[in-house]
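Worksheet: one structure, shown below.
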């Protein structure tokens, strides 16, 4: 079974593309969603994140995401330390999940495949791109954030040009109709 990486910058539409593949019967693993679940469930992660960020890392409701986001926003070292705690656990969780799947391929959606140098973990990579203004508008509609914060995240990620060079397939996600056609074409290629 092939492991296909699905990646793209913030607001590119990875979730939309993942849903389109899911509608074709492809098993989808959303690394970000699973990481958030593990950060709330795992006692080991909880203990290590409290050691890293302090008691405010968690509230009675669970992970204090706004607090952690404020700490790592302009601190790459803290972000890397957090990723070193969380990513191995997500990787192990994915391997357990993978054993339960069947089909020609599965998709693991992860925003920072290239930034973290994880491309060797995949048989091929699908990159989702969109016009920058479209991406910014999507994030502004989806999240309670500012244009400046969105641009800061965009600037922290590799450029689409760099990612395109490293990807096996590229989906330009500006309209849903065009995106559906591109997803179907890639799907047919992957099940051959």
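In my numbering, the protein residues as written are 255 to 446.
Using N, Cα and C, we set each Cβ at its ideal position, and we do this for glycine too.
All values derive from a computational prediction rather than experimental measurement.
Secondary structure of residue i, DSSP reduced to three states
i, result
"residue 363", "strand"
"residue 260", "strand"
"residue 368", "coil"
"residue 274", "helix"
"residue 345", "helix"
"residue 269", "helix"
"residue 317", "strand"
Local Cβ density within 10 Å of residue i, reported as buried at 16 or more and exposed below that
i, result
"residue 314", "exposed"
"residue 323", "exposed"
"residue 287", "exposed"
"residue 374", "exposed"
"residue 425", "buried"
"residue 350", "exposed"
"residue 414", "buried"
"residue 358", "exposed"
"residue 398", "exposed"
Anticipated Cβ contact below 8 Å, residue i with residue j, distance rounded
i, j, result
"residue 258", "residue 444", "7 Å"
"residue 299", "residue 339", "6 Å"
"residue 321", "residue 310", "5 Å"
Beta-carbon spacing of residue i, residue j below 8 Å
i, j, result
"residue 306", "residue 343", "no"
"residue 404", "residue 264", "yes"
"residue 417", "residue 368", "yes"
"residue 262", "residue 294", "no"
"residue 361", "residue 282", "yes"
"residue 378", "residue 256", "yes"
"residue 434", "residue 274", "yes"
"residue 266", "residue 410", "no"
"residue 422", "residue 393", "no"
"residue 363", "residue 260", "yes"
First through last residue of the beta strand (DSSP E) which encompasses residue i
i, result
"residue 381", "378-383"
"residue 287", "Counting along the chain, residue 287 falls outside any beta strand (DSSP E), though it belongs to the alpha helix (DSSP H) covering 285-295."
"residue 424", "423-426"
heavy atom of the ligand ZN below 7 Å from residue i C-beta
i, result
"residue 350", "No copy of the ligand ZN occurs in the structure displayed, which carries no ligand at all."
Start-to-end residues for the alpha helix (DSSP H) that takes in residue i
i, result
"residue 327", "Residue 327 -> no alpha helix (DSSP H), and no H or E assigned at all."
"residue 517", "Look at the range of the chain in this structure, 255 to 446, and you will see that residue 517 is not part of it."
"residue 356", "Residue 356 -> no alpha helix (DSSP H), and no H or E assigned at all."
"residue 280", "Neither: residue 280 is in no alpha helix (DSSP H) and is coded neither H nor E."
"residue 406", "401-410"
"residue 414", "414-420"
"residue 387", "386-396"
Cβ of residue i within 8 Å of any chain C Cβ
i, result
"residue 361", "This model lacks chain C altogether; it includes just one protein chain."
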